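Undergrad:
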Amino acid sequence: LDKNSKQQVLTSLRHIQDQQSDVSFLLQTLGRLWLAGVQIDWSGFYTHERRHRLPLPTYPFERQRYWIDPKKQGEDGDSTPVSLAKKPDIADWFYIPFWKPSLPPVQLKSQKLAAPKSSTLVFLDECGLGIKLVKELEKHNQDIITVKLGERFTRLGKSQYAINPQNHHDYDSLIKEIIGQKQLPKTIIHLLSVTPSTEQELEIEQVEQAQIRGFYSLLFLAQALGRQETTDDFNITVISNNLHSVTGTEIVSPEKATLLGTVKVISQEYSNINCRTIDVILPANGSWQEEKLLEKILAELTVDDSQKLIAYRGLNRWVQSFEPVRFEQAKIEKPRLREKGVYLITGGLGDIGLVLAEYLARTVQAKLLLVGRSALPKKDEWEKWLTTHDEADSTSCKIRKVQELEQLGAEVLVVNADVANQEEMQNAIAHAQEQFSQLNGVIHAAGVVSGESIQKIGKIECEQQFQSKVYGLLVLEKILQNKQLDFCLLLSSLSSVLGGLGFIAYSAANIFMDAFVHQHNQNHPISWTSISWDGWKFEKENKQSTSLGAILHELAIQPEEGIKVFERILSCSEFNHIVVSTGELQARIDQWLNLEFFPEKEANLLLHDRPDLENVYVAPRNEIEQNIANIWQEILGIKNVGLHDNFFELGGDSLLIIQVRSKMLKKLNKNLSIGELFEYSTISTLAEYIGNKKTEELTFQQADQRASRKEAAMQEKRQLMQQRRKVHG
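Here the numbering used here is used: the first residue of the sequence shown is 3, the next is one more, and so on.
1. Determine, using beta carbons only, whether GLY343 and GLY349 come nearer to each other than 7 angstroms.
2. Helix, strand or coil for GLY33 per DSSP?
3. If the criterion is Cβ atoms closer than 7 angstroms, does the pair THR148 and LEU126 meet it?
4. Give the DSSP-derived three-state secondary structure of TYR218 in the structure shown.
5. Which residue from GLY228, GLU252, GLY152, SER175 puts its Cα closest to that of LEU194?
6. Just to check my reading of the structure: LEU358 and LEU415 have Cβ atoms closer than 8 angstroms, yes? What is that Cβ distance to the nearest angstrom?
7. With DSSP run on the structure shown, which of helix, strand or coil describes SER439?
8. Take the Cβ of ILE177 as the centre, count every other Cβ of all protein chains shown within 10 Å, and call the residue buried at 16 or more, exposed below.
9. With 16 other CB atoms within 10 Å as the buried threshold, where does SER269 fall?
10. Buried or exposed: where does GLN75 fall if 16 or more other Cβ atoms within 10 Å of its Cβ makes it buried?
11. Check whether the Cβ atoms of ILE771 and TYR473 sit closer than 7 angstroms, and answer yes or no.
12. Whose CA, out of GLN291, SER675, HIS646, PHE540, lies closest to the CA of SER656?
13. Can you tell me whether ALA621 is buried or exposed, with buried defined as 16 or more other CB within 10 angstroms of its CB?
14. Using C-beta distances below 8 angstroms, list every residue in its chain close to GLN291, excluding the 5 sequence neighbours before and after it, in chain order.
15. Can you tell me whether DSSP reads LEU296 as helix, strand or coil?
16. Entirely within the region 199-281 and at least 3 residues each: give me those beta strand (DSSP E) ranges in chain order.
17. According to DSSP, is SER529 part of a helix, a strand, or is it coil?
18. Counting only runs of 4+ residues fully inside the region 334-409, write out the alpha helix (DSSP H) ranges in chain order.
19. Can you list, in chain order, the residues of its chain with a C-beta nearer than 8 angstroms to that of HIS54? Leave out the 5 residues immediately preceding and following it.
20. Could you tell me which of VAL582, SER686, GLU385 sits nearest to GLU325, measuring between CA atoms?
21. Could you check which residue in ASN442, THR232, GLY644, PHE468 has the C-alpha nearest to that of GLU210?
22. How would you write the range of the alpha helix (DSSP H) that GLN466 sits in, first residue to last?
23. Check whether the Cβ atoms of LEU296 and GLU138 sit closer than 7 angstroms, and answer yes or no.
24. What are the partner residues of HIS738, as DSSP defines its beta bridges?
25. Can you find at least 3 beta carbon pairs, one from the region 475-482 and one from the region 451-463, that sit closer than 8 angstroms?
26. ASN274 and THR233 look like a contact to me (Cβ under 8 angstroms); what is the Cβ gap, rounded to whole Å?
27. Spell out the partners DSSP gives LYS150 in its beta bridges.
28. What would DSSP say about SER686, mapped onto helix, strand or coil?
29. Just verifying my parser: in three-state terms, what is the DSSP assignment at TYR97?
30. I think LEU476 touches LEU204, with their Cβ atoms under 8 angstroms apart; what is that distance to the nearest whole Å?
31. In three-state terms, what does DSSP make of HIS646?
32. Give the secondary structure of GLU651 by DSSP, where H, G and I count as helix, E and B as strand, and everything else as coil.
33. Rounding to the nearest angstrom, what Cα-Cα distance links GLN367 and PHE236 in this structure?
34. Out of GLU406, ASP420, GLN440, state which residue places its alpha-carbon closest to the alpha-carbon of ARG340.
35. Between the C-alpha atoms of LEU788 and LEU503, what's the straight-line distance to the nearest angstrom?
36. Could you give the DSSP three-state label for HIS50: helix, strand or coil?
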């Protein structure tokens, strides 16, 4: 970019916290584009609308040209960085996850853990692995705090506690108690997902129990740490067993896979918390293999490794990777599709569901069973509905879309059913078989894309994400177990690979889908495939862009591109899991998971002028405002950031907000959540929030001090009364 020019960044979608309507925000941006000199197609804008001429005072608009000349090839000697742009050839969008052998950490030396001495918090499992690990840690001069499961938060002894994992308040009580004892740990080892192996068919109760020990336990732990005003770094190592299908022969427990969503997103939203997982197969109790495994785990605790997913199979270390594969254009015109075949699409009235339904209608005049939670009026009431409701009404749009499918030659049955309700789904399929015939294929596209920061999300919001993609998947397997299908495709998301700000529950739900197919395909002759899709872009609304972890607009898949991807996947050999990324996947993993950002700029040397914003420049008034401004200027590369300038209007995005949090933690000693930084997006509002927060903390501290003095006085009074009773017999 020309360092002397003024760059302006405008967004067409409102921020999730912005309360104005999408249309109002879009029109406001359009006006600002016009003010900036962009030529607007007003005839297209005013189509179907009648306008009247209104004379306005004339004004000489002094438009200036801001043109960014591209850098010529070979202009500098730097090596070309990996491109994050959308690849032009669709065949290059596909990746297959696999596990590759990895060198283990250097063998642990006795003095490695001995200095410096620090506290380690260990959440104990029921299989005894944690207890044995604690004994080894104590040999290396570690102060160990242990936590086991119980009915309520209880201090069992010195550095020994019990918690109820379902109660998030117990995690707050635990962390506060540890801080009060001045034992705040730098290392946390979480073993609650180490459980006895079982080959039983997966039931909803089993899945729910796994969430309590895994996903929710880690979520509540992160929230409790986030509520503490500490800038200390934490390393959380999550140890599980039978989670991954590394060799393809293991007994796997997909119900545990949701914890991987927390591991990925916690590190993204909290720059001072590093998370990773180590998956193992438990050796025989007391065997030499068990002793060796403990040595391996201890060695892992001493290394600073960027790998998030590690697995030990026997004594061999494995890490997850992604192999790019080319899926060429399908040679068969209608791969794996039958003329007038019968196809079930869950989430069939959603954007992606309707795109795929139209493809099936156009190519094979399919008989379609579209299942969704939103009900349509009875068919004989459609015309009345269309004439009495606005053209943009969502129900009207869906009715017209179904009518278009029928005009293409499809037979369409729309059923209102919750995919997580077995009875409703059985009735839907029975209805379809009665009207059509045997089911030929299934596309599971149900799901809600929504985002909320870790510090704000609750169990209700998480369960909403789990309904269709977790519990609904269990229902699908049950009702389809005797069906001779040609294919069953699960529409997962790239968030299962990349995580994403605000996507802790959404990422976890999609990871479950990816893991579930491994167990299903081990036990059933008809293979299923999970597809981790990149974001889709729709003209009317891009729902994925309204969340904190939005996929970049430029990388999103157009509906016509999505159809070409769908065709290629149908024509390829059977895979458990396929990842679709329009950009270089490893580069995106490096950015989002390994948090490898571009090199920092030299302060004040490469800064652009402040762009022309609606609000005038107002200089920071005090130290905290100036410190925030300095951090923004450094990260955004803009000088003279004003008090009321919006971070996102200056060009900020999700990746940059992660860097802002990290800088504020290191330079200002302020531990703010990602959600707070999104909510308070100007220097003035953020500084005011920090000031109010500090006042509240002082108030709480004073209240705690008063309570402590009162308790001490009461204790002294009780002791005095006891002494008097002894004296007077």
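Think of the CB as a built atom: it goes at the ideal place given N, C-alpha and C, for glycine as much as any other residue.
The structure displayed is predicted, hence computed values, not measured ones.
TA: Short version:
1. In the sequence shown, the residue the question calls residue 343 occupies position 341. In the sequence shown, the residue the question calls residue 349 occupies position 347. Against a cut-off of 7 angstroms, the Cβ pair of GLY349 and GLY343 comes out as no contact.
2. Translated into positions along the sequence shown, residue 33 becomes position 31. GLY33: helix per DSSP, three-state reduction.
3. Position 146 of the sequence shown, counted from the start, is the residue given in the question as residue 148. Position 124 of the sequence shown, counted from the start, is the residue given in the question as residue 126. Yes. Within cutoff.
4. Stepping through the sequence shown from its first residue, residue 218 is reached at position 216. Helix, per DSSP.
5. The sequence position of residue 194 within the sequence shown is 192, counting from 1. Nearest C-alpha to LEU194: GLY152.
6. Indexing the sequence shown from 1 puts residue 358 at position 356. Indexing the sequence shown from 1 puts residue 415 at position 413. Contact flag wrong, Cβ pair sits at about 16 angstroms.
7. For the purposes of this step, residue 439 is taken as residue 437 along the sequence shown, with counting starting at 1. Reduced to three states, the DSSP call for SER439 is coil.
8. Counting from 1 along the sequence shown, the entry for residue 177 is found at position 175. With 16 or more Cβ atoms within 10 Å of its Cβ, ILE177 is classed as buried.
9. Stepping through the sequence shown from its first residue, residue 269 is reached at position 267. It is buried - the Cβ of SER269 has at least 16 other Cβ atoms within 10 Å.
10. Taking the first residue of the sequence shown as position 1, residue 75 is located at position 73. Since pLDDT at GLN75 reaches only 49, below the 50 mark, its modelled position is unreliable, and no value is offered.
11. Shown here, the chain extends from 3 to 731; a query on residue 771 therefore has no answer.
12. Stepping through the sequence shown from its first residue, residue 656 is reached at position 654. Out of GLN291, SER675, HIS646, PHE540, SER675 has the C-alpha closest to the C-alpha of SER656.
13. Along the sequence shown, read from residue 1 onward, the residue named residue 621 stands at position 619. Per the 10 Å Cβ criterion, exposed.
14. Counting from 1 along the sequence shown, the entry for residue 291 is found at position 289. Only PRO285, GLY316, LEU317 meet the Cβ criterion.
15. The residue given as residue 296 occupies position 294 in the sequence shown. Three-state DSSP puts LEU296 in a helix.
16. 236-243
17. The residue labelled residue 529 in the question sits at position 527 within the sequence shown. Here SER529 sits in coil by DSSP.
18. 353-366, 384-390, 396-409
19. Numbered from 1 along the sequence shown, position 52 holds the residue referred to as residue 54. So the list is empty, once near-sequence residues are dropped.
20. By one-based count along the sequence shown, residue 325 stands at place 323. Here the closest residue by C-alpha is VAL582.
21. Here residue 210 corresponds to residue number 208 of the sequence shown, with the count starting at 1. Of the listed residues, the one whose Cα sits closest to GLU210 is PHE468.
22. Position 464 of the sequence shown holds residue 466. Counting along the chain, the alpha helix (DSSP H) containing GLN466 begins and ends at 461-468.
23. Here residue 296 is taken as the residue at index 294 of the sequence shown, counted from 1. Here residue 138 is taken as the residue at index 136 of the sequence shown, counted from 1. Contact flag set, yes.
24. A query on residue 738 cannot be resolved here, the shown segment of the chain reaching from 3 to 731 and no further.
25. no
26. Translated into positions along the sequence shown, residue 274 becomes position 272. Translated into positions along the sequence shown, residue 233 becomes position 231. Confirmed, about 6 angstroms.
27. Position 148 of the sequence shown, counting from 1, holds the residue named residue 150. Answer is ALA164, bridged to LYS150.
28. The sequence position of residue 686 within the sequence shown is 684, counting from 1. Helix, per DSSP.
29. Your numbering for residue 97 matches position 95 in the sequence shown. If DSSP states are grouped into helix, strand and coil, TYR97 belongs with the strands.
30. Locating residue 476 in the sequence shown gives position 474, counting from the first residue. Locating residue 204 in the sequence shown gives position 202, counting from the first residue. Confirmed, Cβ separation roughly 6 angstroms.
31. Your numbering for residue 646 matches position 644 in the sequence shown. Note: HIS646 maps to coil in three-state DSSP.
32. As a working mapping, residue 651 is identified with position 649 in the sequence shown. Three-state result, GLU651: coil.
33. The residue labelled residue 367 in the question sits at position 365 within the sequence shown. The residue labelled residue 236 in the question sits at position 234 within the sequence shown. One C-alpha to the other measures close to 57 angstroms.
34. As a working mapping, residue 340 is identified with position 338 in the sequence shown. Of the candidates GLU406, ASP420, GLN440, the one whose C-alpha sits nearest the C-alpha of ARG340 is GLN440.
35. Past the boundaries of the shown model lies residue 788; the chain is included only from 3 to 731, so the question cannot be answered.
36. Locating residue 50 in the sequence shown gives position 48, counting from the first residue. Three-state result, HIS50: coil.
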